[in-house]
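Visitor:
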Amino acid sequence: MTAQERELPPLSGKVALVTGGSRGIGYGVAEALVARGDRVCITGRGEDALKEAVESLGADRVIAVAGKAHDEAHQAAAVERVMEAFGRVDFLVNNAGTNPVFGPIAELDLGVARKVYETNVISALGFAQQTWKAWQKEHGGAIVNIASIAGLSASPFIGAYGMSKAAMVNLTLQLAHEFAPAVRVNAIAPAVIKTKFAEALYEGREAEAAAVYPMGRLGVPADIGGAVAFLTSDQSDWVTGQTLVVDGGIFLKAGVH
4 MTAQERELPP LSGKVALVTG GSRGIGYGVA EALVARGDRV CITGRGEDAL KEAVESLGAD
64 RVIAVAGKAH DEAHQAAAVE RVMEAFGRVD FLVNNAGTNP VFGPIAELDL GVARKVYETN
124 VISALGFAQQ TWKAWQKEHG GAIVNIASIA GLSASPFIGA YGMSKAAMVN LTLQLAHEFA
184 PAVRVNAIAP AVIKTKFAEA LYEGREAEAA AVYPMGRLGV PADIGGAVAF LTSDQSDWVT
244 GQTLVVDGGI FLKAGVH
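The letter at position 28 of the sequence shown is residue 31 when you use my numbering, and the numbering goes up by one with no holes.
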């Protein structure tokens with residue numbers, strides 16, 4: 004359903020910046036925030052994908068800035084564009100991420116590991132610094148970092164990704180401590196979400212992959228969008244420094260059977 008085909012609520016007066024927002028989890032987050040009345044800026048590497056996402060979400064409420072998440076110039080430009088277009092940036096959702104390698108950690112290319120950290124962790128810190136300086140320090144707001152259950156336990160064959168997401172959880176703690184009380188900072192740790200990013204984990208075997216989840220299905224982007232909407236709402240006004248696990252119950256399988 005396009006923006007033209009659905010009735011959008013009145014504007015909330017709030018503005019969000021969602022990195023990696025052209026598809027997958029980021030798009031689901033942007034969709035949830037637009038649905039409650041927020042204006043949103045999405046970022047991503049592909050201009051065509053961003054343009055399509057803006058058209059679908061509603062060009063009257065959504066803008067986009069193309070660039071690489073780990074590029075400091077892009078981070079500054081994205082925040083500057085939000086401020087120019089909307090005059091504020093209440094919420095930051097650090098969703099941009101990469102996982103370009105699959106294999107044992109003993110054979111992990113260190114250059115690849117550095118790339119994963121640059122995109123998954125350093126970019127999140129950079130965006131947080133930019134939004135803090137541009138608006139949140141003086142006016143408050145909330146930050147949500149998209150981590151992963153891979154950062155909360157051993158994650159065989161995606162070790163670099165898991166380590167980076169563990170760092171994202173700790174970054175959340177550091178920011179929550181330093182940015183309080185003006186800004187609340189929390190993280191979300193999803194299990195497998197049905198996106199192009201994660202399709203290698205379930206493609207051709209979705210029923211089998213979903214069978215191990217107590218909830219009986221894999222996650223979808225809207226599951227994370229709903230969690231972000233909560234963590235950026237007044238209903239979570241006393242919640243900061245937390246990592247919300249959104250995993251369909253998969254961690255329950257770690258118990259004694």
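For each residue, glycine too, the CB sits at the ideal point set by N, CA and C. Because the structure is a prediction, the values reported are computed rather than measured.
Between which residues of its own chain and R26 is the CB-CB distance below 8 Å, once the five residues before and five after are set aside?
Guide: Sequence index remark: in the sequence shown, residue 26 carries index 23 (1-based). Correct list, in chain order: G47, A52, A56, T198, K199.
Visitor: Rounded to whole angstroms, what is the Cα-Cα separation between A179 and V231?
Guide: Here residue 179 is taken as the residue at index 176 of the sequence shown, counted from 1. Here residue 231 is taken as the residue at index 228 of the sequence shown, counted from 1. For A179 and V231, the distance between alpha carbons rounds to 16 Å.
Visitor: Take Q139 as the anchor and find which of N97, A170, V186 has the nearest alpha-carbon.
Guide: The count along the sequence shown starts at 1 and reaches residue 139 at position 136. The candidate whose alpha carbon is nearest that of Q139 is V186.
Visitor: Roughly how many angstroms separate the alpha carbons of A170 and V124, rounded to a whole number?
Guide: Residue numbering aside, residue 170 sits at position 167 when the sequence shown is read from its first letter. Residue numbering aside, residue 124 sits at position 121 when the sequence shown is read from its first letter. Approximately 7 Å, taken between the alpha carbons.
Visitor: Return the residue from the list N97, G31, E34 that minimises the CA-CA distance to K168.
Guide: Sequence index remark: in the sequence shown, residue 168 carries index 165 (1-based). Of N97, G31, E34, the residue nearest in Cα terms is N97.
Visitor: Can you check which of these residues, E50, A109, V104, is closest to I66 by C-alpha distance?
Guide: Residue numbering aside, residue 66 sits at position 63 when the sequence shown is read from its first letter. Residue E50 is the option with its Cα nearest to I66.
Visitor: Grouping DSSP H, G and I as helix and E and B as strand, with all else coil, what is H260?
Guide: Within the sequence shown, numbered from 1, the residue matching residue 260 stands at position 257. Per-residue confidence for H260 stands at a pLDDT of 43, beneath the threshold of 50, marking its modelled position as unreliable; the derived number appears in the next sentence. In the structure shown, H260 sits in coil (DSSP, three-state: anything other than H, G, I, E or B).
Visitor: Near E75, which residues of its chain fall below 8 Å by C-beta distance, leaving aside the five closest residues on each side in sequence?
Guide: Here the question's residue 75 lines up with position 72 in the sequence shown. Cβ neighbours of E75 within its own chain (closer than 8 Å, five residues either side excluded): G129.
Visitor: With H, G and I counted as helix, E and B as strand and the rest as coil, what does DSSP make of P3?
Guide: Nothing about residue 3 can be reported from this structure: the residues present for the chain run from 4 to 260 only.
Visitor: Thinking C-beta only, is N189 closer than 8 Å to T1?
Guide: Residue 1 is absent from the model: the chain starts at 4 and stops at 260.
Visitor: Between the stretch 86 to 97 and the stretch 14 to 21, are three or more C-beta pairs nearer than 8 Å?
Guide: yes
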